[in-house]
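Here's the structure we're looking at; comments come further down.
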Amino acid sequence: MKRTGIFYGSSTGTTENVAKQIASHLGIDACDIHDVGSSTVEMIDSYEVLILGTSTWGYGELQDDWGHGIDTFKKANLTGKTIALFGCGDSEAYPDTFCDGMGVLYEALKDSNCKFIGFVSDSDYTYASSVSVIDGNFVGLAIDDVNEADKTDARIEAWVAQIKGSMA
Ligand SMILES: Cc1cc2nc3c(=O)[nH]c(=O)nc-3n(C[C@H](O)[C@H](O)[C@H](O)COP(=O)(O)O)c2cc1C
Numbered sequence: 000m001k002r003t004g005i006f007y008g009s010s011t012g013t014t015e016n017v018a019k020q021i022a023s024h025l026g027i028d029a030c031d032i033h034d035v036g037s038s039t040v041e042m043i044d045s046y047e048v049l050i051l052g053t054s055t056w057g058y059g060e061l062q063d064d065w066g067h068g069i070d071t072f073k074k075a076n077l078t079g080k081t082i083a084l085f086g087c088g089d090s091e092a093y094p095d096t097f098c099d100g101m102g103v104l105y106e107a108l109k110d111s112n113c114k115f116i117g118f119v120s121d122s123d124y125t126y127a128s129s130v131s132v133i134d135g136n137f138v139g140l141a142i143d144d145v146n147e148a149d150k151t152d153a154r155i156e157a158w159v160a161q162i163k164g165s166m167a
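Be aware that the sequence shown starts at 0, since it is given in numbering that gives the first Met the number 0, and climbs by one per residue.
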C-alpha cells in the first residue's frame, strides 16, 4: 500500500474514532493518524495518500482544527497525491447542512492537482441538502453516528473496500 496518512478534526471524539476504525481496517499505524490541528507541511508532504476527516459544526462549518489544517494543506504540494474524504454529521438536527464540512474541504483542495477517491452514493441517507453532494454522490464517506450509529461499521467497511484498490 502507498504511504498513507490520516488527518482528522474532531471536537467530541466521533471523527477521531472513525479515523481509528478506518486505520485499523487499512493497517495504518497509530503514528500515521494525526489531529489536523498539529499538522505540518512536512507531515503532509511525506504521504502519497491522504485520508482527511472532519465533522461539521455551527451551520455547515468545518470543525475548528481545520482552520489551521486548511492553511497547512494549502501550503503543501498536493500534486499527484490521492485524497479520500470522510465526514461526521447529524442528518436529523442539521438536514440542510448535513456533513457540509466534507464539501468545504473538497472545495478548498479540489484545484490542488490531487486525485479524489471514495465518493459515496447518497441513496442510503435521509437529508435535505448538503454541499458535500455532487450529482447524487457525497464527495467522501458520510457518517451519521448520532442517528445511524448502527450503520457506521458497515459504511466504514464498504468504503475501505472501495478505496483500497486505488491505494495499492
Ligand atoms: C452546535 C452544533 C452544530 C452542528 N452543526 C452541524 C451541521 O451543520 N451539520 C451536520 O451535519 N452536523 C452538525 N452537527 C453535528 C456534529 O457534526 C456531530 O455531532 C459529529 O458527530 C461531531 O463529531 P466530532 O465529535 O468528531 O466533532 C452539529 C453539532 C452541534 C452540537
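Glycine included, every Cβ here is placed at the ideal spot set by N, Cα and C.
Check                                                                                                                           : Outcome
Could you tell me the alpha carbon to alpha carbon distance between N146 and W158, rounded to whole angstroms?                  : 19 Å
On the DSSP bridge list, what partners appear for F72?                                                                          : Answer by DSSP bridge pairing: none, since F72 is not bridged.
Kindly indicate which residue of H33, P94, V17 has the alpha-carbon position closest to the one of T3.                          : H33
Cβ of W65 within 7 Å of any heavy atom in ligand 1?                                                                             : no
Between G79 and ligand 1, is the CB less than 7 Å from at least one heavy atom?                                                 : no
May I have the straight-line CA-CA distance separating N76 from D44, to the nearest angstrom?                                   : 7 Å
Which word fits C30, buried or exposed, when buried means at least 16 other C-beta atoms lie within 10 angstroms of its C-beta? : exposed
Once the 5 residues before and after H67 are set aside, which same chain residues still bring their CB inside 8 Å of it?        : V35, G36, S38
Taking the C-alpha atoms as reference points, what is the distance between S131 and E60?                                        : 12 Å
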